[in-house]
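Below is one structure, written out as structure tokens; the observations come after it.
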Amino acid sequence: MFCCTCDKLLKRSEKDKHEDHHILENITDYQLEHPSEILPPLEQNKKEAQYLFSSASVAAIVNIFKKLEIRNVICIGTPRIHEHIQSNCQSMSSILLDFDKRFHNFFGPLQYCWYNLFNHHFFLPDAKTVFDDYLKSCSNVALIMDPPFGARIEPISLNLGTITNLLKKYHGTKSNLSVFLVLPYFMEPQVLNWLPDMKMSDYKVEYDNHVKFKNGPKGRKHGSPVRIFTNVSLNLVKLPEDGYRYCKPCRKWVAIENSHCRICNACTSKNGQTYKHCDLCQRCVKPSWQHCDECDRCAAIGHTCQELEFSKTCFHCKQSGHKRAQCPTLSNSGKKRKTDKNERTTKGAKYRKKQKVL
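Right, here's the structure in full:
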């Protein structure tokens with residue numbers, strides 16, 4: 001049995017000492033191997049945000065690892081992946097690094113480390129040695145990380161750099177770390193700013209204990225907004241046949257609703273809808289948007305023209321007044337271009353006026 005109040009496994013003889021506590025009884029061998037299925041999830045969203053992958057997402061992610069012939073997996077904040085590999089994958093090993101110290105009751109010291117993913121901190125003195133030893137024994141290693149939503153990407157990128165450097169230290173500069181970072185699609189600009197080698201897969205990651213991030217009547221109309229960002233070439237990341245297809249021009253697997261735009265020469269949808277191309281904007285936009293002549297761009301119907309002005313700085317040029325997507329030094333493909341004075345967006349024009357004043 002397990003005492004949720006004390007966060008510890010108990011013998012039956014110890015039950016009387018925990019009379020007024022929340023106790024889970026009749027725990028099976030399967031549950032001991034899959035503790036995330038019985039432990040109440042931590043619920044402090046800003047600090048812990050413990051959402052757990054659905055069984056379908058676990059199977060899809062592990063299948064990607066198998067196709068890539070991954071042998072070792074570093075699971076950071078992904079206990080369901082670790083549990084599945086430990087129980088079902090004889091040709092694959094894994095180690096779990098997680099902030100939830102309750103896993104110490106179920107996994108041995110070589111399988112689990114109490115860990116903070118934002119500063120690469122191990123809470124117990126021997127855990128760092130355990131992790132280093134695991135890296136030394138690795139070959140063809142992948143890292144999957146599921147950080148809290150809204151987490152800052154900068155410390156995550158530094159952490160990934162630390163682990164990558166350790167792997168190269170032990171196995172040489174030619175060793176590669178296949179990274180799989182699980183985050184909502186709308187965090188793509190932040191991810192690309194700090195991790196420019198990452199690309200976003202169309203796979204929709206679902207969670208058992210998040211109503212909107214799973215299938216069902218209460219889920220989002222267009223599916224989960226959570227995606228996988230990876231440094232692995234997307235043509236190697238095979239997605240499930242149910243709900244996904246292979247796009248030959250893009251040479252990658254995409255969601256069924258993500259139609260290929262011949263003008264953009266890309267599958268442009270990001271949020272689970274089928275985007276439409278706007279000739280005036282020269283890019284694909286959400287199907288519910290319309291082109292606004294006053295704003296000189298596509299926007300939601302009923303918006304207030306020129307009401308909102310972006311006050312933060314661009315991730316690319318570090319100047320204020322516009323986002324990376326509207327950066328005058330970037331084209332849609334991400335390559336530098338010369339700004340055409342006849343094709344200024346409203347925000348770009350405002351930005352240049354401010355510069356003249358300054």
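Under the UniProt record's numbering, residue 358 is the last one in the sequence shown; the count climbs by one each step, no gaps.
Even glycine gets a Cβ: it sits at the ideal position worked out from N, Cα and C.
Within the same chain, Cys278, Cys281, Val285, Trp289 and His291 come within 6 Å of cysteine 298 by CB-CB distance, once the 5 residues on both sides are set aside. Cβ contact annotation for tryptophan 194 (same chain, cutoff 6 Å, sequence separation greater than five): Ile153, Glu154 and Ser157, in chain order. The three-state secondary structure of threonine 268, taken from DSSP, is coil. Spanning the alpha carbons of lysine 199 and threonine 230 requires a straight line of approximately 5 Å. Between isoleucine 85 and valine 62, the C-beta spacing is below 8 Å. Contact annotation, glutamate 241 with serine 224: C-beta distance approximately 18 Å; criterion of less than 8 Å not satisfied. For histidine 277, the uninterrupted beta strand (DSSP E) run begins and ends at 276-278, by DSSP.
Residue environment for arginine 251: exposed (fewer than 16 other C-beta atoms within 10 angstroms of its C-beta).
For leucine 9, the CB contacts under 7 Å within the same chain, skipping 5 residues up- and downstream, are Phe2 and Asn105 in chain order. DSSP places leucine 181 in the uninterrupted beta strand (DSSP E) bounded by 177-184. Burial check for glycine 77: the Cβ neighbour count within 10 Å reaches 16 or more, so the residue is buried. A Cβ-Cβ contact shorter than 8 Å links proline 249 with asparagine 265. DSSP places phenylalanine 65 inside the alpha helix (DSSP H), whose first and last residues are 55-67. Per DSSP, reduced to three states, the secondary structure at tyrosine 203 is coil, with no helix or strand assignment. Boundaries for histidine 222: no beta strand (DSSP E) harbours it, and the DSSP string shows neither H nor E there.
Isoleucine 144 sits in a strand when the DSSP states are folded into three classes. The C-alpha of glutamate 257 is placed about 23 Å away from the C-alpha of valine 232. Taking isoleucine 74 as reference, the option from Leu117, Arg245 and Thr173 with the minimal CA-CA separation is Leu117. Under the three-state reduction of DSSP, lysine 252 is assigned to strand. With contacts defined as CB atoms closer than 8 Å, alanine 59 and tyrosine 203 fail to qualify as a contacting pair.
With contacts defined as CB atoms closer than 8 Å, valine 254 and valine 182 fail to qualify as a contacting pair.
Judged by beta-carbon spacing, phenylalanine 53 lies within the 8 Å limit of isoleucine 81, meaning their Cβ atoms are closer than that value. Straight-line measurement puts the Cα of arginine 324 at about 11 Å from the Cα of glutamate 188. Selection Glu19, His171, Lys11 and Leu135 evaluated against threonine 5 yields Glu19 as nearest (Cα-Cα). A direct Cα-to-Cα measurement between histidine 316 and glutamine 111 gives close to 40 Å.
Contact between isoleucine 23 and glutamine 31 does not hold, since the beta-carbon distance rounds to 14 Å and is not under 8 Å.
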